[in-house]
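Asks: Chains as they are written, first to last, in UniProt numbering: chain A, 1 to 179; chain B, 1 to 179.
For each residue, glycine too, the CB sits at the ideal point set by N, CA and C.
All of these numbers come straight from a predicted model, not from anything done at the bench.
Protein chains: 2
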Amino acid sequence: MASFEDADTEETLTCFHVTVYHPRQDHNQVFERLRFCKREKLSSTEVVTFGRNPKVCHYIFQDNQVSRILFSLQPFRDINSSILSFEIKNLSKKTSLLVGNVELGYLNKTEFPGRCIMRFGDYQVLMEKEDGESLEYFETRFMLSPRSLLEERHLGSPVPENGGSSSSLLPTEMDENEY
Amino acid sequence: MASFEDADTEETLTCFHVTVYHPRQDHNQVFERLRFCKREKLSSTEVVTFGRNPKVCHYIFQDNQVSRILFSLQPFRDINSSILSFEIKNLSKKTSLLVGNVELGYLNKTEFPGRCIMRFGDYQVLMEKEDGESLEYFETRFMLSPRSLLEERHLGSPVPENGGSSSSLLPTEMDENEY
């Protein structure tokens with residue numbers, strides 16, 4: 001569960017780093033069911049779902065405002081590519097997802113650009129992909145940000161770095177007040 | 001299970017017609033676990049998997065030559081579109097899928113073009129999408145072809161029509177001998 005390599009093949013694993021923030025996270029326990037700072041190894045044939053319902057979703061936001069199944073993350077491979085890419089699909093009829101500057105309605109999907117901030121309701125989720133060699137497995141790692149990911153950028157500070165991300169794609173500039 | 005409409009909303013459902021053929025289907029029972037000529041209603045948030053393993057897959061090919069999980073079919077919606085589109089993803093490391101004239105390796109995916117023949121091993125699968133109004137649900141309907149779907153086309157006969165398909169996309173011309 002905390003390995004950086006696939007034990008069978010010794011290939012490095014692509015890691016999906018997820019940094020979450022909610023303005024009332026200290027009081028409302030919305031992230032209580034996420035295991036922070038642990039790497040979790042997943043099969044690339046899986047579709048990983050995020051949402052409120054622990055019976056259906058892999059990663060849980062404990063919050064009545066969040067849809068039962070909110071969105072999915074799934075790996076794929078471009079034809080002739082040797083690295084994993086990821087796709088995000090909105091599975092909620094009532095909630096729009098802002099992935100970078102792309103707004104996803106119900107069943108809309110977008111290819112994850114390598115690094116971006118996703119927003120829904122008051123939630124801010126920074127996602128960063130660190131490429132690895134294995135195609136069969138990948139891993140996720142959750143971090144909790146003590147402060148807004150948007151404010152940091154407004155103050156000119158960098159967003160938290162989890163190190164080693166091979167992508168140079170920066171989140172699109174967004175004005176908090178627009179949300 | 002056999003409705004043409006979503007009972008709650010009276011919207012028509014997009015139907016995914018699947019016509020299968022295997023040269024030894026009369027003897028080897030590979031399609032024994034498919035329920036032919038029945039419409040099955042599925043949620044659009046589902047990822048429908050095809051393969052050998054009944055514990056994991058929704059639709060089963062009973063054949064040791066077929067991968068445990070072979071491929072997935074999943075609905076999505078293009079931004080600003082009011083109809084369901086579908087994507088096919090190869091989940092098998094050992095089997096290539098030919099979707100029309102696109103060859104999919106492990107984790108490769110392609111948007112389903114509305115009507116095409118998929119081939120893997122000796123299997124021929126004609127897929128046809130009939131558009132409906134509902135975004136929340138769709139349905140599948142399986143048919144068994146008594147003869148090769150490729151031969152029929154070579155003899156100039158039309159491939160079996162399941163009626164009402166709104167797509168005019170024809171399968172790409174393929175030479176049997178190339179397979």
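1) Please name the residue, chosen from A:Ser96, A:Glu46, A:Arg68, that lies closest to Gly121 of chain A on a Cα-to-Cα basis.
2) Going by DSSP, name the residue or residues bridged to Leu104 of chain B.
3) Give the DSSP bridge partners of Thr110 of chain A, in chain order.
4) Which class does Glu130 of chain B belong to by DSSP, given the choice of helix, strand or coil?
5) I'd like to know if Glu11 of chain A contacts chain B, where contact means its C-beta is closer than 8 Å to some C-beta of that chain.
6) What do you reckon, are the CB atoms on Val125 of chain B and Val18 of chain B nearer than 8 Å?
7) Quick check on Val48 of chain A: buried or exposed, where buried means 16 or more other Cβ atoms within 10 Å of its Cβ?
8) Quick check on Asp78 of chain A: buried or exposed, where buried means 16 or more other Cβ atoms within 10 Å of its Cβ?
9) What separation, rounded to the nearest whole angstrom, lies between the Cα atoms of Glu133 of chain B and Leu13 of chain B?
10) So, under 8 Å CB-CB, Lys129 of chain B and Gly114 of chain B are touching, yes? Tell me the CB distance rounded to an integer number of Å.
11) Take Glu46 of chain B as the anchor and find which of B:Leu73, B:Glu32, B:Asn53, B:Gln65 has the nearest alpha-carbon.
12) State yes or no: is the beta carbon of Tyr137 of chain A nearer than 8 Å to at least one beta carbon in chain B?
13) Taking the CB atoms as reference points, tell me whether Lys55 of chain A and Glu87 of chain A lie closer together than 8 Å.
14) What is the rounded straight-line gap between the Cα of Gly100 of chain A and the Cα of Met118 of chain A?
15) Less than 8 Å between C-beta atoms, sequence neighbours within five positions excluded: which residues of the same chain meet that for Leu91 of chain B?
16) When you check each C-beta in the segment 82-95 of chain A against every C-beta of chain B, which residues fall closer than 8 Å?
17) Might you give, ordered along the chain, the residues of its own chain that have their beta carbon closer than 7 Å to the beta carbon of Phe76 of chain B, omitting 5 neighbours on each side?
18) Distance, Cα to Cα, Glu11 of chain A vs Lys41 of chain A?
19) What does Val47 of chain B reach in chain A if we use C-beta pairs closer than 9 Å?
20) On the DSSP letters alone, give me the boundaries of the beta strand (DSSP E) that Gln74 of chain B sits inside.
21) Using three-state DSSP, classify Gln124 of chain A as helix, strand or coil.
22) What separation, rounded to the nearest whole angstrom, lies between the Cα atoms of Phe31 of chain B and Glu32 of chain A?
23) Going by the DSSP bridge assignment, what does Cys116 of chain B pair with across the sheet?
Replies: Let me spell this out:
1) Out of A:Ser96, A:Glu46, A:Arg68, A:Ser96 has the C-alpha closest to the C-alpha of Gly121 of chain A.
2) Partner(s): B:Leu97.
3) In the DSSP assignment, the residues bridged to Thr110 of chain A are A:Ile88.
4) Looking at Glu130 of chain B - three-state DSSP - the assignment turns out to be strand.
5) Among the CB atoms of chain B, none fall inside 8 Å of the CB of Glu11 of chain A.
6) In contact: Val125 of chain B and Val18 of chain B (Cβ atoms closer than 8 Å).
7) In this structure Val48 of chain A is buried. Its beta-carbon is surrounded by 16 or more other beta-carbon atoms within 10 angstroms.
8) An exposed status is given to Asp78 of chain A, since fewer than 16 other beta-carbon atoms sit within 10 Å of its beta-carbon.
9) Taken atom to atom, the span from the alpha-carbon of Glu133 of chain B to that of Leu13 of chain B is near 6 Å.
10) Cβ atoms of Lys129 of chain B and Gly114 of chain B come within 8 Å of each other, at about 5 Å.
11) That would be B:Leu73, whose Cα lies nearest to the Cα of Glu46 of chain B.
12) Chain B, which has no Cβ nearer than 8 Å to the Cβ of Tyr137 of chain A, makes this no.
13) No, the pair does not count as a contact, with Cβ atoms beyond the cut-off.
14) If I take the Cα positions, the gap works out to 6 Å.
15) So the list reads Thr49, Gly51, Ser67, Ile69, Leu70, Phe71, Ser72, Tyr106, Leu107, once near-sequence residues are dropped.
16) Answer set for the segment 82-95 of chain A: Leu84, Lys89, Leu91, Lys93.
17) Taken in chain order, the residues that qualify are Ser85, Glu87.
18) Each residue's CA atom was taken as its position, placing Glu11 of chain A and Lys41 of chain A some 13 Å apart.
19) By Cβ distance, chain A contributes Val47, Ser72, Gln74.
20) Note, Gln74 of chain B: beta strand (DSSP E), 71-76.
21) Correct three-state label for Gln124 of chain A: strand.
22) Taking the straight line from one Cα to the other gives about 46 Å.
23) Its beta-bridge partners are B:Met127.
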